Amino acid sequence: MHTAFQHDQYLLKRQVFALTGKLRFYNPQGQLVLFSEQKMFKLREDIRIYSDEQKSQEVLAIKARQIIDFSAAYDVVDSATGQKVGALRRKGLKSILRDEWEVLGPNDDVIGLLFEDNMGLAMLRRLLLGSLLPQNYDLTLGQERVADIKQRFNLFRYELDVDFSMDVNRRLDHRLGLAAAVLLAIIEGRQE
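Under the numbering used here, the first residue of the sequence shown carries the number 144, and numbering increases by one thereafter.
Listed below in structure tokens is the structure:
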């Protein structure tokens, strides 16, 4: 596994004023460790994550299974080995009120959930305040919270703090957790 996936905390920044969606992941020391640039005019999401901005080494791929699907599933694949790490599947109708995703293992068995942590704030955000009220997500495996993904308030840039520090037993593969953050920044970020 690439060393970029060994940190317990990351800051994801999505560049807002660009023709293509550019995502940058920084480690706790503020160093760029991962980069992604979304391709324009793709019918099916195919997101590639690289170890640097020059795209010299692809480390992760996130691929939509279908072109248009309200309950879309996205496979997460380690680019070096070609091995499927897992998948994330949006829970269609449930995501209208509050964003909710199923976290799937390599064999597509449901191993966890990714969801907005507060239904009331989710509704308030959708009905009145929009992006003025940042989102906060919990990622759980069973009953155990293994990651926190929290949007920072910033009028000029979409930023997410990704924190795996509560997962002391390292049950969650960080590649899957970071793929979840990418999907939140790209897919859920479109709601803005």
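Cβ coordinates follow ideal geometry from the N, Cα and C atoms, glycine included.
In this text, all values refer to a predicted model and were calculated from it rather than measured experimentally.
Measure the CB-CB distance between residue i and residue j and report whether it falls below 8 angstroms.
i, j, result
"ILE254", "LEU284", "yes"
"GLN172", "LYS165", "no"
"VAL202", "HIS150", "no"
"ASP252", "GLN152", "no"
"ARG232", "LEU247", "yes"
"ALA207", "GLU188", "yes"
"ALA223", "SER194", "no"
"ARG191", "SER179", "yes"
Compare the Cα-Cα distances from residue i to each of the options and report the closest residue.
i, options, result
"LEU303", "PRO277, GLN286, ASP260 and ASP310", "PRO277"
"PRO249", "GLU243, ALA230, ASP260 and ASP195", "ALA230"
"ASP242", "MET309, ASP260, LYS198 and LYS227", "ASP260"
"ARG295", "HIS150, LYS156, MET144 and ALA147", "LYS156"
"ALA292", "ARG318, LEU319 and ALA324", "Looking at the sequence provided, one finds Ile at residue 292 rather than Ala. Closest option to ILE292, Cα to Cα, is ALA324."
"GLU177", "ASP189, GLU188 and LEU154", "Glu is not the amino acid found at residue 177; the sequence shown has Leu there. It is LEU154."
"VAL289", "LEU321, ARG300, GLN226 and TYR301", "LEU321"
"ALA215", "SER199, ALA204 and TRP244", "TRP244"
Under the three-state reduction of DSSP, which class applies to residue i: helix, strand or coil?
i, result
"THR224", "coil"
"ILE254", "strand"
"PHE148", "helix"
"ILE329", "helix"
"LEU321", "helix"
"GLY229", "strand"
"LEU155", "strand"
"GLN334", "Note that GLN334 has pLDDT 47, beneath the 50 cutoff, so the model's placement of it is unreliable and no number is given."
"ASP242", "coil"
With respect to the beta strand (DSSP E) encompassing residue i, which residues constitute its N-terminal and C-terminal limits?
i, result
"VAL311", "Segment: none, VAL311 is in no beta strand (DSSP E) and carries neither H nor E."
"GLN286", "Looking at the DSSP string, GLN286 is not in any beta strand (DSSP E), and its letter there is neither H nor E."
Which residues does DSSP list as the beta-bridge partners of residue i?
i, result
"PHE178", "ARG167 and TYR193"
"LYS206", "ASP189 and ASP218"
"LYS293", "ASN279 and ASP304"
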